[in-house]
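**Student:**
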């Protein structure tokens, strides 16, 4: 923020970290920063202002404090350093640096070296002579003395060098000019041409300037005090000898015979002790005095001038004001300021500048507020999109958001899963409704997590029933393997959910079927992505005709899984409602995956499905699923899986508990399987294929003869 003050501790930490990363010392880093800061100030629009501070380096440094005083109008809490140049008897230049901010003095050589190169065509070398705690000022605790050596660049001469030319060199210059002009001019014309030879605009004599003073001062005492209403003259003992009329008006106590200046004022800037010796050391600085009387808050700023013959100090000053409000607070009017005093213009112009500054501050605050609101809006947008993508597939939701229609898509092959809780009706009758809610929430949360592990699509929940599909809406060749592993994970997760009546783990029935479906978005007010087709009914029948704690497979799902490393047991032929006799199977486990792998608990484990490995095959190549010997088509890109959102609609089937006959059939089927040899297994496989083909034919016949009423039951 432009007008915010940051703690120096933060600056020092930044310097420390930068030095650590760059592997340089703090002295080198700060010096480089000083050079960069000078370039930054030039680019920020201070170039012209900096160039006008002085004609040489000494004058430039002497006016830095005045520049800081001006900048303090905009940056009220700016804690600027102070500079003082001292010329020794040997002609050495000493720079005194004062600051409250310790540890940053190495910036000064970088700034002044850049200034000397850019403005004065010279090279400067600065060496630290002394560094101590301040002993001559009341503020600015750090005092560093630099020895400054300035060397002019080759072939260039500064104004100081030109001003040092003696009389003989001056006469030689004049003689050369007159010789060049003698052929064309004579008399006064020649003299005039020599004097104004610099394009006639100014005198080109570069000799030292000697002012002319009058024999007497042609200003009477009253006129002087009226012309300069804010001035004070005091002697070496700080006794006030003379003052302007407005100083007398606001501080009448100074008119007392033995009144001293330090009784009514304190020195704000520079922060020095209130003695003549300290004031003379900083005579080139702008002095700011503040009234210490309770009835006024008057501040004066101006220049101290030492009058050697009188042994007195003249303080030519004016009120330190920044705005009309401060003018009113002090009790002054514009009429109290002299006509020649620029404070009048400063107050009026600064009032406009303060208004612009306040507008800038408001814009920055609004900008920051908008940035924060934008972040909150983005977070809320992500939440909304997450919920939307949980209800609908990502690409479908994106098209709907863009106002586009979504056409239904036909999927030649997918695997559908249904599950429900055994004896759920009895549990509901014996429990409070809140217990049922907790039961379903615990179970569905675990199932939802598994959908992300195996990247399958959750279609919906219907009471205690749970429906997912693999290969829809994004086709994948391993849809059967994914849904089968998900079913095994469901059975494991159900062991962690307790029956609120018995306190024992719940039991679930799971049914799987593989076949074609038609999928699309239905509705406008609450659109849903639904599946249509006889495959949905068949999957529902596999669940409803299943056995507790078993995963029931149709023959088509068995064909997709038989060579994938799964442990599958044949159940045999059973009578399926609306389907007739069907040969079905039980999925017992996965011989190639551990329980942790199925549940997604393995850390750093290999990808379960080859299609999840990005960049492993060239574009258009055929991938081979690690769980199957058959080749599968490469999987198109798909969005990241999100936690699906469930909705409830009327179930198209009834989940009934099965009699002991089903259990007996399962037991006898298990016994037959245990005694089956490898040869019989092959025979069973071939017969299963024939059965599947027969079932598919009968299923097609049944579908073609279905009435419009029965087709509505296929909508889930």
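Numbering (the numbering used here), first residue to last: 23 to 738. Note that the Cβ used here is the ideal one computed from N, Cα and C, for glycine as well.
Determine, using beta carbons only, whether residue 577 and residue 534 come nearer to each other than 8 Å.
**Tutor:** Their beta carbons are not under 8 Å apart, which means residue 577 does not touch residue 534 by this criterion.
**Student:** Is residue 284 helix, strand or coil when you go by DSSP?
**Tutor:** In the structure shown, residue 284 sits in a helix (DSSP, three-state: H, G or I).
**Student:** From residue 106 to residue 276, what does the alpha carbon distance come to, in whole angstroms?
**Tutor:** Approximately 31 Å, taken between the alpha carbons.
**Student:** Looking only at its own chain, which residues have a Cβ that is under 6 Å from the Cβ of residue 41, when we skip the five neighbours before and after it?
**Tutor:** Only 48 and 51 meet the Cβ criterion.
**Student:** When you compare only the Cα positions, how much space is there between residue 530 and residue 583?
**Tutor:** Spanning the two alpha carbons is a distance of roughly 21 Å.
**Student:** According to DSSP, simplified to helix, strand and coil, what is residue 541?
**Tutor:** Three-state result, residue 541: strand.
**Student:** Going by the beta-carbon positions, is the gap between residue 262 and residue 290 smaller than 8 Å?
**Tutor:** No. Outside cutoff.
**Student:** Quick one: using the 10 Å Cβ neighbour count with 16 as the cut-off for buried, is residue 45 buried or exposed?
**Tutor:** Exposed, because fewer than 16 other Cβ atoms sit within 10 Å of the Cβ of residue 45.
**Student:** Quick one: any contact between the segment 495 to 513 and the segment 430 to 439, if contact means 3 or more CB pairs under 8 Å?
**Tutor:** Segments in contact, yes.
**Student:** Can you round the beta-carbon distance between residue 308 and residue 87 to whole angstroms, since I take them to be within the 8 Å contact cut?
**Tutor:** Sure, about 6 Å apart at Cβ, within 8 Å.
**Student:** Does the segment 341 to 353 come close enough to the segment 140 to 151 that 3 or more CB-CB pairs lie under 8 Å?
**Tutor:** With the cut-off at 8 Å, the segment 140 to 151 and the segment 341 to 353 do not touch.
**Student:** Between the C-alpha atoms of residue 652 and residue 611, what's the straight-line distance to the nearest angstrom?
**Tutor:** Interpretation of residue 652 is limited by its pLDDT of 38, a score under 50 that renders its predicted location unreliable; the figure taken from the coordinates is listed afterwards. Each residue's Cα considered, the two are about 20 Å apart.
**Student:** In chain order, which continuous runs of the beta strand (DSSP E) of length 3 or greater are located wholly inside the segment 320 to 359?
**Tutor:** Within the segment 320 to 359, the complete beta strand (DSSP E) runs of at least 3 residues are 321 to 329 and 334 to 341.
**Student:** Starting from residue 508, trace the alpha helix (DSSP H) both ways and give me its first and last residue.
**Tutor:** Segment 501 to 516, the alpha helix (DSSP H) holding residue 508.
**Student:** With a threshold of 16 other CB atoms inside 10 Å of the CB of residue 372, please say whether the residue is buried or exposed.
**Tutor:** Residue 372 is buried by the Cβ-count criterion.
**Student:** Does the separation of the CB atoms of residue 117 and residue 168 fall below 8 Å?
**Tutor:** Yes, they are a contact pair.
**Student:** Restricting to runs no shorter than 3 residues, where is the beta strand (DSSP E) found entirely within the segment 539 to 601?
**Tutor:** The segment 539 to 601 contains these whole beta strand (DSSP E) runs: 550 to 554, 573 to 575 and 588 to 598.
**Student:** Once DSSP output is grouped into helix, strand and coil, what is the label at residue 51?
**Tutor:** In the structure shown, residue 51 sits in a helix (DSSP, three-state: H, G or I).
**Student:** Measure the alpha-carbon distance for residue 393 versus residue 429 and round it to whole angstroms.
**Tutor:** C-alpha separation (whole angstroms): 39 Å.
**Student:** Looking at the structure shown, is residue 697 part of a helix, part of a strand, or coil, going by DSSP?
**Tutor:** Confidence in residue 697 is poor, its pLDDT being 33 and thus under 50, which makes the residue's placement unreliable; the coordinate value appears in the next sentence. In this structure, residue 697 counts as coil in the three-state DSSP scheme.
**Student:** Should residue 246 be labelled buried (16 or more other beta-carbon atoms within 10 Å of its own) or exposed?
**Tutor:** With fewer than 16 other Cβ atoms within 10 Å, it is exposed.
**Student:** Indicate whether residue 604 and residue 519 have their beta-carbon atoms separated by less than 8 Å.
**Tutor:** No. Outside cutoff.
**Student:** DSSP state of residue 487, grouped into three classes?
**Tutor:** It is a strand residue.
**Student:** Would you check if the distance between the CB atom of residue 326 and the CB atom of residue 256 is smaller than 8 Å?
**Tutor:** No, they are not a contact pair.
**Student:** State the start and end residues of the unbroken alpha helix (DSSP H) segment that holds residue 38.
**Tutor:** That run of the alpha helix (DSSP H) goes 30 to 44.
**Student:** Would you decide whether residue 601 is buried or exposed? Buried here means 16 or more other CB atoms lie within 10 Å of its CB.
**Tutor:** Buried: at least 16 other Cβ atoms inside 10 Å.
**Student:** Following the continuous beta strand (DSSP E) through residue 435, name the residue where it begins and the one where it ends.
**Tutor:** 431 to 443 is the span of the beta strand (DSSP E), which, as asked, contains residue 435.
**Student:** Assuming residue 489 contacts residue 481 under a Cβ cut-off of 8 Å, what Cβ separation, rounded to an integer in Å, is found between them?
**Tutor:** Their Cβ separation, rounded to whole angstroms, is 4 Å, which keeps residue 489 and residue 481 in contact under 8 Å.
**Student:** In the structure shown, what three-state DSSP assignment does residue 231 receive?
**Tutor:** Residue 231 falls in the coil class under three-state DSSP.
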